[in-house]
Structures are given as C-alpha cells and as structure tokens.
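K.L.:
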Amino acid sequence: MQAEMFRQLIARGADTEFGRRHGVAKHLTPEAFAARVGVQDYESFKPYIERMLAGEKNVAAPGRVTLFARSSGTTSDRSKFIPVTRESVWWNHTLGMRDVAAVYASAKPQTKIFDGKTLTLGGSYVRENGALIGDLSAVADQSDSV
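Under our numbering, the final residue of the sequence shown carries the number 139; numbering is consecutive throughout.
(1) Taking the straight line between their C-alpha atoms, what separation do you get for residue 42 and residue 76?
(2) Report the start-end ranges of each alpha helix (DSSP H) in the region 17 to 47 that is 4 residues or longer and not cut off at the edges.
(3) Tell me, please, which residues DSSP counts as bridged to residue 126.
(4) Taking three-plus beta-carbon pairs below 8 Å as touching, is the region 91 to 99 in contact with the region 12 to 19?
(5) To which residues of the same chain is residue 49 closer than 8 Å at the C-beta, ignoring the five residues directly before and after it?
(6) Can you tell me the Cβ-Cβ gap for residue 118 and residue 125, rounded? I've got them flagged as a contact below 8 Å.
(7) What residue range is occupied by the uninterrupted beta strand (DSSP E) comprising residue 106?
(8) Using CA coordinates, which residue listed in 46, 18, 134 is at the minimum distance from residue 121?
(9) Would you kindly work out how many angstroms separate the C-alpha atoms of residue 8 and residue 82, rounded to a whole number?
(10) Straight-line CA distance for residue 44 to residue 31?
(11) Where do the N-terminal and C-terminal ends of the beta strand (DSSP E) with residue 77 fall, by residue?
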C-alpha cells in the first residue's frame, strides 16, 4: 500500500515546479527521491507555499491548492500554512475515519454508535483569495465547499 501511494504521489508531483526543480520523475525509488529532494524545512518550502496561497497553479502540487491548514504557531510564535489537497483529505481524513469506525464496530459489535446522529465540531476558517485557510478540522470538513 505504501509503495503504491508513493508511486502515485511521485507521478502527480513530477509535473510541478517543485518536482521539476528537484528532478522528481515517475520512475524514482524512495531512496532516489530522498537523495534528490532531501529533507525540506518550512523555511525552504515557504516560497512555494506563498505562491500557492496567491493562487498560482502547479507549484508544489498539481493544479491549484485551495485548502490550507494553519498551525497554531507554537514553534516560532507565527502560524505556518500547510497546503492540503483534496486527495489528502480523502485519503487521510475520510477513509481514515472509515477505517477507525470499521475497527471499532468490529471490536464492539453491540455498539450503537451508528444508530443516531453525529455532531461534529470543527475549528475556524477564513476564505482568502479563493482559498480556505484555517484549522485542519475546519479545512477537512469544508473541503467540498471550495
């Protein structure tokens, strides 16, 4: 599963500016990717994020990124903006929650958790320049509205 996800991400990222600048190609192994791209800290990635926030397409993700999670800023006393793609919301939040629910229901067959209504309390967000920016819970919850 992880190898397949890696191949999908590499294929999608190869045609972005970040991918081209770092020699990302569809055939790369994880080891070759690590050697070419290396570890990126926020400051080295920040110029790409700023361009994505401004609405530029194909910078570090295919197309236009319209979702950004805002960190609480505990490390540097400043918020950081984390680009969030719709695909990552689907894979990490939607399917992740389904997996959690399935495991719980399997372990507790007598559960009544699915019998009633559910109240979800998400964080806050703002809309700026056609993008949704806010707490990850709000961004994930509102991802279909952008």
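All C-beta atoms in this analysis are idealised placements derived from N, C-alpha and C, irrespective of residue type, glycine included.
P.N.:
Let me lay it out:
(1) Spanning the alpha carbons of residue 42 and residue 76 requires a straight line of approximately 7 Å.
(2) Segments of the alpha helix (DSSP H) lying fully in the region 17 to 47: 23 to 30, 35 to 46.
(3) DSSP links residue 126 through a beta bridge to 61, 119.
(4) The region 91 to 99 makes no contact with the region 12 to 19: fewer than 3 CB pairs, one atom from each, lie closer than 8 Å.
(5) The answer, listed in chain order, is 57.
(6) Yes, residue 118 and residue 125 are in contact; Cβ-Cβ is about 5 Å, under 8 Å.
(7) Segment: none, residue 106 is in no beta strand (DSSP E) and carries neither H nor E.
(8) When only C-alpha atoms are compared, the closest one is 46.
(9) Cα to Cα, residue 8 sits roughly 21 Å from residue 82.
(10) Their Cα atoms are separated by approximately 21 Å.
(11) Taken as a continuous stretch (DSSP letters only), the beta strand (DSSP E) holding residue 77 covers 74 to 77.
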